[in-house]
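*Asks:* Next up is a structure, given as structure tokens.
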Amino acid sequence: MERDNAIGISFTAGSYLLWGILPIYWKFLSGVPALEILAHRVIWSFFFVLIIVIILKRKLLKSFFQVQMSKKKTWIGLFIASLFISINWLTYIFAVNANHIVEASLGYYINPLISVLLGVFVLREKINLLQAVSFAIAGIGVIYMTITFGKFPWIALLLAFSFGFYGLSKKLIKVDSILGLLLETLFVFPFGFLFLVYITMNGQESFLTGSPKIDLFLLGSGIATALPLLLFGIGAQKIPLYMVGFFQYITPTISLLLGVLMYNEPFTKDHAITFTCIWLAIVIFTVSNIHQGIRKRKVTTAPVVRGVSKR
């Protein structure tokens, strides 16, 4: 049990660490248009994940097609998930290479709140008072940012909502994470391929036409996409959900530090006020989740007291 817990912590934290440093990877491709990077990311992710599935999850793939082939709901859910994750990937690549890493990190800070909010409105899930307070504080932070910067934080909210809807789609269909990624990239593979054919015919392709470094990073985008997900898929199964929720803030924290310290993006007093609202909301939200998790464990592990029959 302790060994499983250690593996779970290492793999889950490692996955969020890799996602956190992903801006460094995309910065190496800053000279390549975001749509072209996305097309390569989809194509090479598909091939890399296909290899993983063939090696590790062949039986799961076979059983999936046997059970789910005729279920229209599953395929519609996967298609919708593929659209939302594509929007998320494109927005994040654009944000990094347009020097909006700080705003992107804001999006991933508020993503857990958005996910719960979607659960409330779509799945009719209930929230407690502390969670409601955390949403209100986060909303104040977003409104403050909109007023003080004179622009709507569309990057942050698009990242948060696209990933929130992606997570909602995955929750409704309940497919293995790696197998799901394979099928999601399969859905958008034709669009990515046709786009690359189009820009190649128009002489706008970056792949195999310039720097070998660019070619290498475009090819490696599949590994950069799938490796953290593979680690997460293994690690998250071995630790409590509240711990996974705590680790997820590693990613935006690293991204924020990279944006400010490594890429010299501005972080003003107004940024500090906005992020303080978000961080306070996260603390309240996390405390509420931990408290709920502890209460549920107490209920499930409480000894059963059998009643004495009076005759």
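All residue numbers in the sequence shown are consecutive under UniProt numbering, ending with 311.
Think of the CB as a built atom: it goes at the ideal place given N, C-alpha and C, for glycine as much as any other residue.
Just so it is clear, the structure is predicted and the values come from calculations on it, not from any experiment.
#1: CB LYS27 to CB VAL96, shorter than 8 angstroms?
#2: Is it buried or exposed, ARG124, if we count other Cβ atoms within 10 angstroms and call 16 or more buried?
#3: Evaluate contact between the segment 12-31 and the segment 113-124, counting only Cβ atoms and requiring at least three cross-stretch pairs below 8 angstroms.
#4: Quick one: is VAL53 buried, meaning 16 or more other Cβ sit within 10 Å of its Cβ, or exposed?
#5: Quick one: residues in its chain with C-beta nearer than 6 angstroms to the C-beta of ALA156, no 5 flanking neighbours on either side, listed in chain order?
#6: Tell me the residue span of the alpha helix (DSSP H) that contains THR253.
#7: Please check the pair LEU78 and LEU38, which I expect to be a contact at CB under 8 angstroms, by giving their CB distance rounded to whole angstroms.
#8: Would you kindly report the start and end of the unbroken alpha helix (DSSP H) that includes GLU125?
#9: Which value, in whole angstroms, describes the spacing of the CA atoms of GLY210 and THR225?
#10: Whole angstroms is fine: what's the gap from ILE250's alpha carbon to ALA13's?
#11: Taking only three categories from DSSP, how would you classify VAL32?
#12: HIS291 by DSSP, collapsed to three states: which one?
#13: Answer yes or no: do SER45 and PHE187 have a C-beta to C-beta separation smaller than 8 angstroms?
#14: If we ignore side chains and look at the alpha-carbon of each, how far apart do LEU61 and ILE173 end up?
#15: From the DSSP output, in three-state form, read off GLY180 for me.
#16: Would DSSP call ILE239 helix, strand or coil?
#17: Taking the C-alpha atoms as reference points, what is the distance between VAL197 and ILE290?
#18: Considering just the uninterrupted stretch of the alpha helix (DSSP H) at PHE149, what are its terminal residues?
#19: Could you tell me which of PHE135, GLY222 and GLY167 sits nearest to ALA281, measuring between CA atoms?
#20: Can you grab the Cα-Cα spacing for the pair PRO23 / LEU257, in whole Å?
#21: Please state whether DSSP places VAL175 in a helix, a strand or coil.
#22: Output needed for ILE114: all residues of its chain with C-beta closer than 7 angstroms, excluding positions within five of it in sequence on either side, in chain order.
#23: Does DSSP classify VAL304 as helix, strand or coil?
#24: With a threshold of 16 other CB atoms inside 10 Å of the CB of TRP19, please say whether the residue is buried or exposed.
#25: Could you tell me the distance, in whole angstroms, from the CA atom of residue 313 to the CA atom of PHE47?
#26: Three-state secondary structure (DSSP) at LEU78?
#27: Distance check for LEU168 and SER86, CA to CA, integer angstroms please.
#28: Give me the residue from LEU230, THR74 and LEU35 with the minimum Cα distance to SER206.
#29: Alpha carbon to alpha carbon, how far is ASP176 from ILE7? Give it in angstroms, no decimals.
#30: What separation, rounded to the nearest whole angstrom, lies between the Cα atoms of LYS213 and LEU219?
#31: Would you kindly check if the distance between the Cβ of SER288 and the Cβ of LEU130 is under 8 angstroms?
#32: Compare the C-alpha of MET145 against each of PHE285, THR268, SER15 and GLN292 and name the closest.
*Replies:* From the atom records:
#1: yes
#2: exposed
#3: no
#4: buried
#5: GLU103, LEU106 and GLY107
#6: 250-257
#7: So it is not a contact: roughly 18 angstroms between Cβ atoms.
#8: Note, GLU125: premise wrong, no alpha helix (DSSP H); not H, not E.
#9: 23 angstroms
#10: 8 angstroms
#11: coil
#12: helix
#13: no
#14: 15 angstroms
#15: helix
#16: coil
#17: 50 angstroms
#18: 129-149
#19: PHE135
#20: 11 angstroms
#21: coil
#22: ALA160, PHE161 and GLY164
#23: Note that VAL304 has pLDDT 48, beneath the 50 cutoff, so the model's placement of it is unreliable and the number below is only indicative. VAL304 falls in the coil class under three-state DSSP.
#24: buried
#25: Nothing about residue 313 can be reported from this structure: the residues present for the chain run from 1 to 311 only.
#26: helix
#27: 15 angstroms
#28: LEU35
#29: 19 angstroms
#30: 10 angstroms
#31: yes
#32: THR268
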